[in-house]
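Down below is the structure, laid out as structure tokens.
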Amino acid sequence: MIRSVFKIVIIAFALSFVSCGNAEKQEDNIVVDESTKQAVQETKLNAQNVFNSMPDRQIILKLIDDNKIEYNPDFLNDPNSVSKYTIEFYKAANLGIYGSDLSIANSFDQTQESMVFLKCVNSLAANIGVNGAFDQAMFDRMEANRSNKDSTLEIITGAFKKADEILKVNNRPATSAVILAGCWVEGMYVSCQIAKTPSGERIVPTIIEQGESLKNLIIMLEASNLSEAGKFIVADLKTIRDAFEAAEANTVQNLETIKTISEKVTILRTKLTAGAV
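Just so you know, we're using the working numbering here: the sequence shown kicks off at -12 and counts up by one.
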């Protein structure tokens, strides 16, 4: 059952993002130059590498139903925090975080909380210029299909794909990469919290398997022309990567094995959800 919960968290990455971008606004955290088009292509390639290991959505939804997995809202980011994200970088990162939370809440049939997270996503998307992907028509479709979580998950996925198209048109790879990074960090944070619950230690091997997706995420971020102000996320992810490598080399896989991973993920997640200080 607990292993299934982790798979749900992982599918949130794939459900929420092909990867997303901005539209017409200039970014505070992006440096646009002649290498941007190449960066866009490299971002797309590495995003696909991140997604390649994701499980099928139908399998995940069946796991939720079959195992009666419980929803824990305390693991997710506080929706009331959305107004404090005023800098482009943190808007993008928390769009990823809230997007992951939206998919998780929706997977657990948490209709009211899903709509709250959807409003957070819509607010941040509007602020970074991809609100066209989260318009009234999208809200209406969510409402009309609220009893069918597979359909609503497909609507969420479609909205983020539309946002990604806005990115492609405007050649803005860094926003896409930061959003995906926020999604990955949130998924890993929730996974590590689950591992600490009763019987949760069984998901430790699955957590350790995510080291490869992290490596591809780092490559994508490094290729995306982040400004100096946004590069701390790469540095922090590299410390998490080192913790993964140590865990992979350990012949014993238990909660202690991922202790450093959990601590470093929590540190980065705290920075991202706190916003600029």
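Don't be surprised by glycine CBs; every beta carbon is placed ideally from N, CA and C.
All values reported here derive from a predicted model rather than from experimental measurement.
So, with DSSP's three-state summary, where would you put residue i?
i: Leu208; result: helix
i: Leu140; result: helix
i: Leu111; result: helix
i: Leu213; result: strand
i: Pro185; result: coil
i: Asn9; result: Any reading at Asn9 must be qualified, since the residue scores a pLDDT of 34, below 50, and its modelled position is unreliable; the value itself is stated next. DSSP places Asn9 in coil when its eight states are reduced to three.
i: Leu167; result: helix
i: Glu100; result: helix
i: Asp127; result: helix
i: Val239; result: coil
i: Arg133; result: coil
With distances taken Cα to Cα, identify the nearest neighbour of residue i among the options.
i: Glu173; options: Asn132, Leu201, Ile142, Gln97; result: Leu201
i: Glu266; options: Ile245, Phe126, Phe147, Ile205; result: Summary: the structure shown does not reach residue 266, with the chain confined to residues -12 through 264, and so no result is reported for it.
i: Pro192; options: Thr238, Ile91, Ala210, Leu111; result: Thr238
i: Lys258; options: Glu232, Lys218, Lys149; result: Lys218
i: Thr260; options: Pro60, Tyr77, Phe62, Asp61; result: Tyr77
Mark residue i as exposed unless 16 or more other C-beta atoms lie within 10 angstroms of its C-beta, in which case mark it buried.
i: Ile254; result: exposed
i: Glu235; result: exposed
i: Asn16; result: Interpretation of Asn16 is limited by its pLDDT of 45, a score under 50 that renders its predicted location unreliable; the figure taken from the coordinates is listed afterwards. The residue is buried, with at least 16 neighbouring Cβ atoms inside 10 Å.
i: Lys265; result: Residue 265 lies beyond the range of the chain shown here (-12 to 264); nothing can be said about it.
i: Thr73; result: exposed
i: Glu250; result: exposed
i: Pro185; result: exposed
Rounded to whole angstroms, what is the Cα-Cα separation between residue i and residue j?
i: Glu152; j: Asp88; result: 22 Å
i: Thr247; j: Ala131; result: 44 Å
i: Ile206; j: Leu82; result: 21 Å
i: Gly198; j: Gln97; result: 30 Å
i: Phe121; j: Ala150; result: 8 Å
Starting from residue i and walking both ways along the alpha helix (DSSP H), at which residues does that stretch end?
i: Ser90; result: 75 to 94
i: Val221; result: 219 to 236
Shorter than 9 Å from the beta carbon of residue i to some beta carbon of chain D?
i: Gly116; result: Here chain D cannot be found, since the structure has a single protein chain.
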